[in-house]
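K.L.:
Here the protein sequences line up with chains A and B, keeping their order.
At position 14 of the first sequence the residue is numbered 14 (my numbering), and the sequence of numbers has no breaks.
At position 8 of the second sequence the residue is numbered 1008 (my numbering), and the sequence of numbers has no breaks.
Backbone N, C-alpha and C fix where the C-beta goes; we use that ideal spot for every residue, glycine too.
From a predicted model like this one, the values you see are computed outputs, not experimental measurements.
I have a structure I would like to understand better, so I am pasting it below and will then ask my questions one at a time.
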Amino acid sequence: MYLDLLSALEGSWLGHTARHSAWTFMVANVLHVLGAALLVGSIAVFDVKVLADRGQAAWQVGRYAIPLAAAGLALQVPTGLVLLAAEARALGVNPAFYAKLAFIALGLANVALFHARFGAALRAGILPESARVYAGWSLAAWVLTLVAGRMIAYL
Amino acid sequence: MRHRLFGFCLVTALAAGGVASAHHGWGSYDAARKFSITSPVEKVEWQNPHVMVVVSFQDKPWQAVLAPPFRMQARGLDAEMLKSGTPITLEGYPSTHSGTEMRAERLIAAGRTYELR
């Protein structure tokens, strides 16, 4: 099922374009690095702010860092699909790729839980100290996503 | 806590790498065993992430991984220059995972040398 999906992606128009257009792949590659920098960089600043100041005044950083991180994520999904489509059958079963997907799932679950639990408090400027554990998981999940992603080329 | 998790994941990823069948990147080629192949091109796949040619070495077909198409173009190579039958020389390194694969860092075609790294 999963392998069929990878084959379909690789055989699709997107896969074909990713392999045969020098520009498409190069642009996707460049933007995937930019997206990673925006996502991991911005969210790390926010996480460190929450951790270091125990949730105090977190929104002063979050109001800039969170939209930037979201913009980074929005870049990562389509560019990542192009890069994956070029050789989906090989990349899709790479151990580093599995690890990357797991860290993304962890990161997204953490974002959802954090915002469900603390979204209103964050915006009201009263983020409690108990939010720090989410910041810790966030920092770990997104840094490891980037590390695992880069490791795909080496495994 | 986070540091321990990071360490655990990194070690796991590295350990998994030992058993993974590798693909591309210079890491999975043996830099200590540089060699060269002179052969006509048997087949070329001009595509991302790396252009690949099949050449003959010691009576066996070898896959040679070249540079990405964008870099190939930037260094003055195109698919037409590597079409089947064209004699070329490749200098590079054998794969540590496959007995008939090399990564080329230099290509000589029609008397001209192209750096692929």
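With a cut-off of 8 Å, does the C-beta of residue 10 of chain A fall near any C-beta of chain B?
P.N.:
Here residue 10 of chain A refers to the residue found at position 10 of the first sequence. Not one chain B Cβ lies under 8 Å of residue 10 of chain A.
K.L.:
Listed in chain order, which residues of the region 1030-1063 of chain B have Cβ atoms closer than 7 Å to some Cβ of chain A?
P.N.:
Those residues of the region 1030-1063 of chain B that come within reach of chain A (Cβ to Cβ, closer than 7 Å) are 1047, 1048 and 1049.
K.L.:
Bridge partners for residue 51 of chain A per DSSP, in chain order?
P.N.:
If you number the first sequence from 1, residue 51 of chain A lands on position 51. Answer by DSSP bridge pairing: none, since residue 51 of chain A is not bridged.
K.L.:
Check for me: the beta strand (DSSP E) holding residue 1040 of chain B runs from which residue to which?
P.N.:
Residue mapping note: residue 1040 of chain B aligns to position 40 of the second sequence, counting from 1. Segment 1035-1040, the beta strand (DSSP E) holding residue 1040 of chain B.
K.L.:
In the DSSP assignment, find the alpha helix (DSSP H) that holds residue 138 of chain A and state where it starts and stops.
P.N.:
Here the question's residue 138 of chain A lines up with position 138 in the first sequence. 132-151 is the extent of the alpha helix (DSSP H) around residue 138 of chain A.
K.L.:
Could you tell me the alpha carbon to alpha carbon distance between residue 46 of chain A and residue 132 of chain A, rounded to whole angstroms?
P.N.:
Position 46 of the first sequence, counting from 1, holds the residue named residue 46 of chain A. Position 132 of the first sequence, counting from 1, holds the residue named residue 132 of chain A. Their backbone Cα atoms lie some 11 Å apart in a straight line.
K.L.:
What number of angstroms, rounded off, separates the C-alpha of residue 1083 of chain B from the C-alpha of residue 1065 of chain B?
P.N.:
Within the second sequence, the letter at position 83 stands for residue 1083 of chain B. Within the second sequence, the letter at position 65 stands for residue 1065 of chain B. Rounded to whole angstroms, residue 1083 of chain B to residue 1065 of chain B spans 15 Å at the Cα level.
K.L.:
By a C-beta neighbour count over all protein chains shown, 10 Å radius and 16 as the cutoff for buried, is residue 1043 of chain B buried or exposed?
P.N.:
Reading the second sequence from its first residue, position 43 is the one you call residue 1043 of chain B. So residue 1043 of chain B counts as exposed.
K.L.:
Rounded to the nearest angstrom, what separates residue 1021 of chain B and residue 111 of chain A at their Cα positions?
P.N.:
Here the question's residue 1021 of chain B lines up with position 21 in the second sequence. Here the question's residue 111 of chain A lines up with position 111 in the first sequence. Model confidence at residue 1021 of chain B stands at a pLDDT of 43, short of 50, so the residue's coordinates are unreliable; what they give is reported in the following sentence. Distance between the alpha carbons of residue 1021 of chain B and residue 111 of chain A is about 34 Å.
K.L.:
Quick one: using the 10 Å Cβ neighbour count with 16 as the cut-off for buried, is residue 1085 of chain B buried or exposed?
P.N.:
Along the second sequence, read from residue 1 onward, the residue named residue 1085 of chain B stands at position 85. Exposed.
K.L.:
Let me know if residue 72 of chain A comes out buried or exposed under the rule of 16 or more other beta-carbons within 10 Å of its beta-carbon.
P.N.:
Position 72 of the first sequence, counting from 1, holds the residue named residue 72 of chain A. Buried is the call here.
K.L.:
Return the chain-ordered list of same chain residues with a C-beta closer than 6 Å to the C-beta of residue 17 of chain A, the five sequence neighbours on each side being excluded.
P.N.:
What you label residue 17 of chain A is simply residue 17 of the first sequence in a count that begins at 1. Answer for residue 17 of chain A: 24, listed in chain order.
K.L.:
Output the distance between the C-alpha atoms of residue 102 of chain A and residue 142 of chain A, rounded to the nearest integer angstrom.
P.N.:
Position 102 of the first sequence holds residue 102 of chain A. Position 142 of the first sequence holds residue 142 of chain A. Straight-line Cα distance between these residues: approximately 11 Å.
K.L.:
So the alpha helix (DSSP H) residue 66 of chain A belongs to, where does it begin and stop?
P.N.:
Numbered from its first residue, the first sequence carries residue 66 of chain A at position 66. Note, residue 66 of chain A: alpha helix (DSSP H), 58-86.
K.L.:
Rounded to whole angstroms, what's the CA-CA distance from residue 60 of chain A to residue 125 of chain A? Just pull it up for me.
P.N.:
To locate residue 60 of chain A, count along the first sequence from 1; it is residue 60. To locate residue 125 of chain A, count along the first sequence from 1; it is residue 125. Their Cα atoms are separated by approximately 8 Å.
K.L.:
Mind checking the region 5-32 of chain A against chain B and listing, in chain order, the residues whose C-beta falls within less than 7 Å of any C-beta there?
P.N.:
Answer in chain order: 18, 19, 20, 22, 25 and 26.
K.L.:
What are the start and end residues of the beta strand (DSSP E) that includes residue 1062 of chain B?
P.N.:
The count along the second sequence starts at 1 and reaches residue 1062 of chain B at position 62. Unbroken beta strand (DSSP E) run through residue 1062 of chain B: 1060-1065.
K.L.:
Around the C-beta of residue 137 of chain A, are 16 or more other C-beta atoms found within 10 angstroms, so that it is buried, or is it exposed?
P.N.:
By one-based count along the first sequence, residue 137 of chain A stands at place 137. With 16 or more Cβ atoms within 10 Å of its Cβ, residue 137 of chain A is classed as buried.
K.L.:
By alpha-carbon positions, which one of B:1070, B:1049, B:1060 and B:1031 ends up nearest to residue 1040 of chain B?
P.N.:
Taking the first residue of the second sequence as position 1, residue 1040 of chain B is located at position 40. When each option's Cα is compared against that of residue 1040 of chain B, the closest is B:1060.
K.L.:
Alpha carbon to alpha carbon, how far is residue 1053 of chain B from residue 1063 of chain B? Give it in angstroms, no decimals.
P.N.:
Residue mapping note: residue 1063 of chain B aligns to position 63 of the second sequence, counting from 1. Residue mapping note: residue 1053 of chain B aligns to position 53 of the second sequence, counting from 1. Approximately 6 Å, taken between the alpha carbons.
K.L.:
Alpha carbon to alpha carbon, how far is residue 79 of chain A from residue 29 of chain A? Give it in angstroms, no decimals.
P.N.:
In the first sequence, the residue the question calls residue 29 of chain A occupies position 29. In the first sequence, the residue the question calls residue 79 of chain A occupies position 79. Rounded to the nearest angstrom, the two C-alpha atoms are 7 Å apart.
K.L.:
Quick check: the Cα distance between residue 32 of chain A and residue 1112 of chain B, rounded to an integer number of angstroms?
P.N.:
As a working mapping, residue 32 of chain A is identified with position 32 in the first sequence. As a working mapping, residue 1112 of chain B is identified with position 112 in the second sequence. Going by the C-alpha atoms only, they are around 35 Å apart.
K.L.:
Could you work out which residues of chain B lie near residue 86 of chain A, taking near to mean beta carbons separated by less than 9 Å?
P.N.:
In the first sequence, residue 86 of chain A corresponds to position 86, counting from 1. What residue 86 of chain A touches in chain B: 1047, 1048 and 1049.
K.L.:
Tell me the rounded alpha-carbon separation between residue 48 of chain A and residue 135 of chain A.
P.N.:
Indexing the first sequence from 1 puts residue 48 of chain A at position 48. Indexing the first sequence from 1 puts residue 135 of chain A at position 135. Near 7 Å, if we compare the C-alpha coordinates of residue 135 of chain A and residue 48 of chain A.
K.L.:
Go through its chain and collect everything with a Cβ distance to residue 1117 of chain B's Cβ below 7 Å, but skip five positions before and after it.
P.N.:
Along the second sequence, one-based indexing puts residue 1117 of chain B at 117. Correct list, in chain order: 1105.
K.L.:
Taking 8 Å as the threshold (beta carbon to beta carbon), is residue 154 of chain A in contact with chain B?
P.N.:
By one-based count along the first sequence, residue 154 of chain A stands at place 154. It does; some Cβ of chain B falls within 8 Å.
K.L.:
Since residue 1075 of chain B is in the alpha helix (DSSP H), which residue starts that stretch and which ends it?
P.N.:
To locate residue 1075 of chain B, count along the second sequence from 1; it is residue 75. Neither: residue 1075 of chain B is in no alpha helix (DSSP H) and is coded neither H nor E.
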